[in-house]
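Asks: So the sequences go chain by chain: Y and P.
Residues in the first sequence are numbered from 3 upward in steps of one, following my numbering.
Residues in the second sequence are numbered from 305 upward in steps of one, following my numbering.
For glycine and all other residues, C-beta sits at the position ideal for the given N, C-alpha and C.
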Amino acid sequence: MTGEVMIFLVLATIAIFGALVMLNASKVIHMLLALVLTFLSIAGLYVMLSAEFVAVVQVLIYSGAISIMMIFGIMLTKHHHDAKERTYRSSQRGWLVGVAMVLFFGIMYVLIEGVNFGATAPDLHVENTKQIGLSLYSHYVIPFELVSIVLLVAFIGAILLAKREEDTE
Amino acid sequence: MTVHAFLLLAAALFALGLFGALTKRNTVIVLICIELMLNAVNLNLVAFSKFGVNPAITGQIFSLFSITVAAAEAAVGLAILIALYRNKATVQVEDMNEMKG
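(1) Taking C-beta pairs closer than 7 Å, name the residues in chain P that Y/H32 reaches, listed in chain order.
(2) Apart from the five residues just before and just after Y/M24, which ones in its own chain have a Cβ nearer than 6 Å to its Cβ?
(3) Below 8 Å between beta carbons is the criterion; list the residues of the stretch 354-375 of chain P that meet it against any residue of chain Y, in chain order.
(4) Please state the DSSP three-state secondary structure of Y/K86.
(5) Please report the distance separating the alpha-carbon of Y/P124 from that of P/V345.
(6) Kindly say whether P/N401, judged by its beta-carbon, lies nearer than 8 Å to any beta-carbon of chain Y.
(7) Grab the span of the alpha helix (DSSP H) containing P/L342 for me, first residue to last.
(8) So what's Y/K132 in DSSP terms, helix, strand or just coil?
(9) On the criterion of 16 or more Cβ atoms from any shown chain inside 10 Å, does P/H308 qualify as buried, or is it exposed?
(10) Three or more C-beta pairs under 8 Å: does that hold for the stretch 126-138 of chain Y against the stretch 345-365 of chain P?
(11) Does DSSP put P/K392 in a helix, in a strand, or in coil?
(12) 8 Å is my cut-off, CB to CB: does P/I271 come that close to chain Y?
(13) Is there a C-beta anywhere in chain P that falls below 8 Å from the one on Y/I44?
(14) Pick out whichever of Y/G66, Y/V56, Y/I68 and Y/S65 has its Cα sitting closest to the Cα of P/F366.
(15) Report the rounded CA-to-CA distance for P/N348 versus Y/N130, giving the unit in angstroms.
(16) Any beta carbon from chain Y within less than 8 Å of P/M305's own beta carbon?
(17) Flag P/G430 as yes if its beta-carbon sits less than 8 Å from any beta-carbon of chain Y, otherwise no.
(18) Apart from the five residues just before and just after P/L385, which ones in its own chain have a Cβ nearer than 6 Å to its Cβ?
(19) Identify the continuous alpha helix (DSSP H) that holds Y/Y111 and give its terminal residues.
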């Protein structure tokens with residue numbers, strides 16, 4: 003067993019563990035912290051896949067910004083403490099969805115099993131950020147500008163939605 | 305390492321996220337389960353950018369775009385949650401049935 007496989011197994015175990023804790027914790031804030039663990043281990047997997055820039059973006063955006071935003075969402079709303087036994091909408095529905103997800107994963111396993119494309123990118127880790135920057139500002143400049151418009155519109159919309167409405171008219 | 309280990313991990317994370325999104329009753333948890341599913345998809349994109357048929361930097365660029373759209377989605381989803389909480393004082397998804405026929 004090489005070191006690479008060992009690191010992959012550790013990170014994958016942490017990711018699955020975080021997701022399972024997220025599904026089973028009783029308090030909302032614990033679920034969110036477990037998911038931060040999953041996000042961080044996925045960032046480690048990005049480093050393994052020679053995507054250092056995406057890994058840093060993952061830590062900043064997911065483990066940082068989105069988690070803090072969700073924590074604000076949790077703190078600004080009231081969560082019942084007796085919600086523990088009402089975690090699932092109904093146990094019958096939970097079982098049905100669980101069986102469906104196991105089936106889904108089984109089908110994906112069978113489909114993925116034989117996949118091997120044979121090719122490996124040799125130079126993605128060499129000046130990774132520079133490669134991304136060059137590509138983003140030459141070949142993908144129009145999608146880049148469009149996605150900034152999407153962000154602007156979405157955040158203005160979010161502010162308008164969350165604003166109190168007493169000052170209209 | 306081969307590509308199918310990463311694909312299997314991403315499929316497992318996606319299945320767990322979909323399970324949470326379909327069974328949890330708390331709106332914040334449903335939102336973060338959707339984020340988990342988007343993360344699994346990003347993992348696939350980055351894996352294909354290293355091991356795919358035509359390995360190139362494009363997969364990483366695409367995953368950056370999808371992270372951006374996910375951030376916008378989380379912001380709008382949370383704003384809708386706050387607005388609904390102000391009107392109905394609940395965060396449980398089955399209480400949000402205003403548009404039911």
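Replies: Put simply:
(1) Neighbours of Y/H32 on chain P: none; closest Cβ ~11 Å, over 7 Å.
(2) The answer, listed in chain order, is M33, A36 and L37.
(3) Within the stretch 354-375 of chain P, the residues whose Cβ lies closer than 8 Å to some Cβ of chain Y are K354, F355, G356, V357, N358, P359, A360, I361, T362, Q364, I365, S367, L368, F369, I371, T372, V373, A374 and A375, listed in chain order.
(4) Legend: pLDDT at Y/K86 = 48, less than 50; position of this residue unreliable, value from coordinates given subsequently. The answer is helix: DSSP assigns Y/K86 an H, G or I state.
(5) Using only the alpha carbons, I get a separation of about 23 Å.
(6) By this cut-off, P/N401 is not an interface position.
(7) Its alpha helix (DSSP H) spans residues T331 to F355.
(8) Y/K132 falls in the helix class under three-state DSSP.
(9) Flag for P/H308 reads buried.
(10) The stretch 345-365 of chain P and the stretch 126-138 of chain Y touch, with three or more beta-carbon pairs separated by less than 8 Å.
(11) In this structure, P/K392 counts as helix in the three-state DSSP scheme.
(12) For residue 271 of chain P there is no data in the structure shown, the boundaries of chain P being 305 and 405.
(13) Taking Cβ atoms only, chain P reaches closer than 8 Å to Y/I44, which makes this a yes.
(14) With distances taken between Cα atoms, P/F366 lies closest to Y/V56.
(15) Rounded to the nearest angstrom, the two C-alpha atoms are 18 Å apart.
(16) For P/M305, the nearest beta carbon of chain Y is closer than 8 Å to its own beta carbon.
(17) Absent from the structure is residue 430 of chain P, since the part of chain P shown begins at 305 and ends at 405.
(18) Same-chain partners within the cutoff: T331.
(19) DSSP places Y/Y111 in the uninterrupted alpha helix (DSSP H) bounded by S93 to E115.
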